[in-house]
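K.L.:
Sharing a structure, written as structure tokens. Questions coming.
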Amino acid sequence: MLVVDDQMGVRRLLYEAFKEEGYKVELAGSGLEALEKVKSEMPDIILMDMKMPGMNGLETLHEIKKVNDSILVVMMTAYGELEIISEAMKLGINEYITKPFDINELRSVVKKVLDKNLNRLKIKA
Amino acid sequence: MFITSLRSQEEDIFIAGKLAAHSILALAVSFAVATVLWSGWWQAVPGLWHTVTELLCIIIALSLFIIVCHTYEINSPTVNFLGLGFLTAAVFQLFHTLYSPELGFNPKGYLDLGTRYWMCARLTQAFILLIAALKIFRRQVNKWAGVGSAFIVPLLFSLVILKYPGILPALYIEGYGATPAKAYAELFVIILSLITLFALGKDVKNRDVLTYKYIFISVMIAVTTDISLALYESKLSFIRAFGHVSKTAFFLYLFRGTVSSAIRYPYKELENAHTYLSKILNGLPIGLLTFDYDRNLISANTAAQKMLGYTRDGQTGLPEEEFSKKAYSIIKDLTAKNSGNQDLSGKIVKAENLQGENINLRVSVQNFGDGNYMYLLAEAKREQELENLQLQTQTVLNALTNLVLMMDKNRKIIMCNKALSETFHIPEKDVLGMDISEFGDMVNCSRREILLRRPKPNDGPREKAFEASFITPLGEKREVVFHFAPVYNIETELIGYICIGVDVTTMKTEQEKLRQQEKLAVLGQMAAGLVHEIKNPLTAIRGFSQIIKNETLDDRIRQYADIMETEADCVNGVVSDFLAFAKPRPPALRPLSLNRLVNSMSLMLESQFFIKGIKLKIEISPEEKPVMLDEDQIKQVILNMVRNAIDASSDAKEPQVVLKTEYKGDSEEMAVIISDNGRGISPEEMVNIGTPFYTTKDKGTGLGLSICFQIVKQHSGRIDIDARIGVGSTFSIMLPYIRHN
């Protein structure tokens, strides 16, 4: 799993929350860093913030999909703005969650996404 | 005299020579007649020819008198004098005839009595003609007085002579012949006649009086007659016969002269006057139509014919009847209305002329008093054009959204357009004639001094603009930008002022609104950024407190973490509401059923109410129409209102909230009504309700209702509030339904 967020607190929170669950969690503080991690670590699922300095969420998503379009993506947004979400949906995100979220809720969202795509992941593996 | 000047040259032939020739011709004819008669049976019957010629003369003289008598009023005094004078002469003549020696009525010893009467007649004639020729008699004498004296005086005189023949000198003595007295008398008469001729000689050249031509001839004949009668030696001489025939000719010419003077001359004058008047009437630019009592056309002058499109010389020679009909059609309406003797002068009649062109005529009526009417027609094209122009101007001014006010140079309002009277809610008729300062007071103009400003020369209408606020009589405030300028005529004289105004009241409010919107948009952008920056750390705070809560074994720490989590949620709520208010998203409208929407919420609501221990009553309207709405947003509004209702009624004894839908056919609306039996809303609170950040709750953001108002407004709806302290509040969300399915 790759967590992409410019906010250190959020990155650390998600690291703690998902490490506990047994995920291998990689962290990235920017879009560029995320791209490198995607290339080097080949994560199954990415939790990514929508708004980041430099390359923003949508742009990063675009680039990631170019590298590997089978990666599962859950978007995190503080806006809850429909048009951005629908655009992200078009770019192929699997799910979205609005900040601030309940950790348990996020866990279940991630689990749901992974379960849904389990077959595909297995094939890939 | 203008009428005379129109007479043709043809009539101007009265020169003495021609007249003398005429006289000689007449004398020649007389001579021929006398010769024929003399050679015939006249000689055989002595005295008969004398009686016949004399009677002929008397008849002519009497006819002359009768004609003059009947045309007395229109004759000149001279002509009347002639007529009366010849009555006198006729009386003497009659006595002369009666007492001529042939008839044998003479008293003894006075065989020349007839001659004496004759001399009286001759003297009378000569004097009368002289007086007439000299035109001494200029005053009109009363007809009957004249007739009476002209008849009675000679009659009495003749009778006196009959009684005392001796008072007149003997003129003829049997056996001796003519006396010197006769010769002197004859000479005197001839001299009188010559003076008369001389006097007439000047007049015959005067074209003014026709009569003198014939009188001149007659006097010339008279002179010859006198000479011949003075010369005869015997009662039976030819010269005497000739004298009497020429005397008849003298009377005939005199008669002719009088007739032409009394009858032909006035007639001629009349004809001339008529021709002259016709020329004037035909030359007038005003059309004249005269109609008789039965509305038959009597006359139409050239202008009238032209106006009605009737051209006699043109190719379109229309029958008279058609012209008559057309003329009648034009005055027909006026005739009908004219029964009441109203003044119809200057009424404009629109018609079509005989050529099919549209004409506008200004028609005036004049009653001749004898049942005949005259209609005066004037082309009203210019008036019509002016009227049209005025109408156009008024239409244009009224179509303008600008306010236009015109004043005369004394600053009295002479014109205002519709926009002005509507803006200030003052009827146009009230404004007209008003003084500008009075108007300024009426509308509470904030800058009255400008209206009274003395303009600088060459101020154009756009040069001086000022903004002023007004308060209309209805109490509305108006902001108007005015251009105030003087108006000059082409001689650059000041004739008035014009005020052109633009009502900027709405523009100003719109501007204010726009500025507000811009502010809000900036605020929205800032809010969005701020909210994001808050939410990110909030995510971490909330997440970590959750982790702490799960991992700690210490109850107190778990409690603290729990509080942190709740407070974080609280912060999130505030910033979320704030974002929704500051940066509202436009509703995604879809036609939906309000009933279904409320039903879908009922389950969730009921559980909430159950927990709180408040009674909830849901009533669904049996009738409904779909409404264009954004499901999420309207749900948010209803939830917000229900939450408010719960909060408001929680202190009540038996708290109850009613949620119902209603169909309002009258206003074409569907309503969602939420009412509670809580504390109600105070008037002070009512004023501030919906103001952002205004709240009466301990834990409220003051944004909930603001957002509700905003959302409903975006749905073209409204929220009605009905609340009474201690009784409860009712919030009605009114949304317009779709009229056509």
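One line per chain: the protein sequences are A and B, in this order. Residues in the first sequence are numbered consecutively from 5, following the numbering used here. Residues in the second sequence are numbered consecutively from 6, following the numbering used here. Note that CB positions come from ideal geometry on N, CA and C, so glycine has one too. These numbers come from a predicted model, not from an experiment.
1) Going by other Cβ atoms of all chains shown within 10 Å of its Cβ, with 16 needed for buried, is W149(B) buried or exposed?
2) I'd like the list of long-range same chain contacts for T321(B), defined as Cβ closer than 6 angstroms, with 5 residues on each side in sequence excluded.
3) So, does the CB of H537(B) fall closer than 8 angstroms to a CB anywhere in chain A?
4) Using 10 angstroms around the beta-carbon of C575(B), count the other beta-carbons present and answer buried if the total reaches 16, otherwise exposed.
5) What residue range is occupied by the uninterrupted beta strand (DSSP E) comprising E276(B)?
6) When Cβ atoms are compared, which residues of the region 541-554 of chain B fall closer than 9 angstroms to chain A?
7) Taking the DSSP output, what are the residues bridged to T666(B)?
8) By the three-class DSSP mapping on this structure, what secondary structure does M59(A) have?
9) Does the beta-carbon distance from K622(B) to I651(B) come in below 8 angstroms?
10) Shorter than 8 angstroms from the beta carbon of N3(B) to some beta carbon of chain A?
11) Cutting at 8 angstroms between CB atoms, please list the residues of its own chain near L95(A), excluding the five before and the five after it.
12) Taking contact to mean 3 or more Cβ pairs, one atom from each stretch, closer than 8 angstroms, check whether the region 515-524 of chain B and the region 428-440 of chain B are in contact.
13) Please report the distance separating the alpha-carbon of F162(B) from that of F97(B).
14) Chain A beta carbons: is any one of them nearer than 8 angstroms to that of A573(B)?
15) Would the beta-carbon of A382(B) fall within 8 angstroms of that of I291(B)?
16) Kindly confirm or deny that the region 507-516 of chain B and the region 539-552 of chain B touch, where touching means at least three C-beta pairs closer than 8 angstroms.
17) Whose CA, out of E674(B), F615(B), V663(B), E433(B), lies closest to the CA of L634(B)?
18) Three-state secondary structure (DSSP) at A473(B)?
19) Are the region 408-421 of chain B and the region 387-396 of chain B touching by the rule of at least three beta carbon pairs closer than 8 angstroms?
20) Using CA coordinates, which residue listed in P697(B), P627(B), Y258(B) is at the minimum distance from G670(B)?
21) Using a Cβ-Cβ cut-off of 8 angstroms, state whether A21(A) counts as contacting chain B.
22) Tell me the DSSP bridge mates of I178(B)?
23) For Q661(B), which of helix, strand or coil comes out of DSSP?
24) Is it a yes or a no for the region 700-712 of chain B touching the region 654-670 of chain B, going by three-plus beta-carbon pairs under 8 angstroms?
25) On the DSSP bridge assignment, give the partners of A728(B) in chain order.
26) Going by the beta-carbon positions, is the gap between A235(B) and S198(B) smaller than 8 angstroms?
27) Please confirm whether A92(A) has its beta-carbon closer than 8 angstroms to some beta-carbon of chain B.
28) Using 8 angstroms as the threshold, is the C-beta distance between C74(B) and V152(B) below it?
29) Give the secondary structure of S687(B) by DSSP, where H, G and I count as helix, E and B as strand, and everything else as coil.
30) Jot down the residue ranges of each uninterrupted beta strand (DSSP E) in the region 474-538 of chain B, minimum 3 residues, whole runs only, in chain order.
31) Cβ closer than 8 angstroms: which chain B residues qualify as neighbours of K115(A)?
32) For M54(A), which residues does DSSP report across the bridge?
33) Could one say the Cβ of G733(B) lies closer than 8 angstroms to chain A's Cβ atoms, at least one of them?
34) For Q371(B), which three-state DSSP category applies?
35) Can you pull the chain B residues whose beta carbon is under 7 angstroms from the beta carbon of K55(A), in chain order?
36) In this structure, what does DSSP give as the bridge partners for D567(B)?
P.N.:
Quick answer:
1) Position 144 of the second sequence, counting from 1, holds the residue named residue 149(B). W149(B) should be labelled exposed.
2) Numbered from its first residue, the second sequence carries residue 321(B) at position 316. Residue placement at T321(B) cannot be trusted, given a pLDDT of 46 that sits under 50; the coordinates are not used to answer.
3) Stepping through the second sequence from its first residue, residue 537(B) is reached at position 532. With 8 angstroms as the cut-off, H537(B) counts as an interface residue toward chain A.
4) By one-based count along the second sequence, residue 575(B) stands at place 570. Around the C-beta of C575(B), fewer than 16 other C-beta atoms lie within 10 Å, and the residue is accordingly described as exposed.
5) Reading the second sequence from its first residue, position 271 is the one you call residue 276(B). E276(B) -> not in any beta strand (DSSP E); alpha helix (DSSP H) instead, spanning 270-288.
6) N541, P542, L543, T544, A545, I546, R547, G548, F549, Q551, I552
7) Here residue 666(B) corresponds to residue number 661 of the second sequence, with the count starting at 1. BP columns for T666(B) point to V677(B).
8) Counting from 1 along the first sequence, the entry for residue 59(A) is found at position 55. Coil at M59(A), not helix or strand.
9) In the second sequence, the residue the question calls residue 622(B) occupies position 617. In the second sequence, the residue the question calls residue 651(B) occupies position 646. The answer is no: Cβ separation not under 8 angstroms.
10) Shown here, chain B extends from 6 to 746; a query on residue 3(B) therefore has no answer.
11) Position 91 of the first sequence holds residue 95(A). Closer than 8 angstroms at the Cβ level, and outside the excluded window around L95(A), lie L62, L65, H66, K69.
12) no
13) Stepping through the second sequence from its first residue, residue 162(B) is reached at position 157. Stepping through the second sequence from its first residue, residue 97(B) is reached at position 92. Cα to Cα, F162(B) sits roughly 9 angstroms from F97(B).
14) As a working note, residue 573(B) is residue 568 in the second sequence. It does; some Cβ of chain A falls within 8 angstroms.
15) Working through the second sequence from its first residue, we reach residue 382(B) at position 377. Working through the second sequence from its first residue, we reach residue 291(B) at position 286. For clarity, residue 382(B) is Leu in the given sequence; the question names Ala instead. The answer is yes: Cβ separation under 8 angstroms.
16) no
17) Sequence index remark: in the second sequence, residue 634(B) carries index 629 (1-based). The shortest Cα separation from L634(B) among E674(B), F615(B), V663(B), E433(B) belongs to E674(B).
18) Counting from 1 along the second sequence, the entry for residue 473(B) is found at position 468. Three-state DSSP puts A473(B) in a strand.
19) no
20) As a first step, residue 670(B) is located in the second sequence; it is residue number 665 there, counting from the start. Closest by alpha carbon: P627(B).
21) Residue mapping note: residue 21(A) aligns to position 17 of the first sequence, counting from 1. Yes, A21(A) lies at the interface with chain B (some Cβ there is under 8 angstroms from its Cβ).
22) For the purposes of this step, residue 178(B) is taken as the residue at position 173 of the second sequence. G182(B).
23) If you number the second sequence from 1, residue 661(B) lands on position 656. Under the three-state reduction of DSSP, Q661(B) is assigned to strand.
24) Counting C-beta pairs closer than 8 angstroms gives fewer than three between the region 700-712 of chain B and the region 654-670 of chain B, which falls short of the contact rule.
25) Along the second sequence, read from residue 1 onward, the residue named residue 728(B) stands at position 723. S734(B), per the DSSP bridge assignment.
26) Residue mapping note: residue 235(B) aligns to position 230 of the second sequence, counting from 1. Residue mapping note: residue 198(B) aligns to position 193 of the second sequence, counting from 1. Not closer than 8 angstroms, so no.
27) Taking the first residue of the first sequence as position 1, residue 92(A) is located at position 88. A92(A) does not count as touching chain B.
28) Against the second sequence, residue 74(B) aligns to sequence position 69. Against the second sequence, residue 152(B) aligns to sequence position 147. Going by C-beta atoms, C74(B) is nearer than 8 angstroms to V152(B).
29) In the second sequence, counting from the first residue as 1, residue 687(B) sits at position 682. In the structure shown, S687(B) sits in coil (DSSP, three-state: anything other than H, G, I, E or B).
30) 482-493, 499-508
31) Translated into positions along the first sequence, residue 115(A) becomes position 111. The premise fails here: K115(A) is roughly 17 angstroms from chain B at the closest Cβ pair, so nothing lies under 8 angstroms.
32) The residue labelled residue 54(A) in the question sits at position 50 within the first sequence. Paired residues: none, contrary to the question.
33) Counted from its first residue, the second sequence places residue 733(B) at position 728. Answer no: the Cβ-Cβ gap between G733(B) and chain A never drops below 8 angstroms.
34) As a working mapping, residue 371(B) is identified with position 366 in the second sequence. Residue state, collapsed to three classes: strand.
35) Here residue 55(A) refers to the residue found at position 51 of the first sequence. For the C-beta of K55(A), the chain B residues within less than 7 angstroms are, from N- to C-terminus, H537.
36) Along the second sequence, read from residue 1 onward, the residue named residue 567(B) stands at position 562. Per DSSP, none; premise fails for D567(B).
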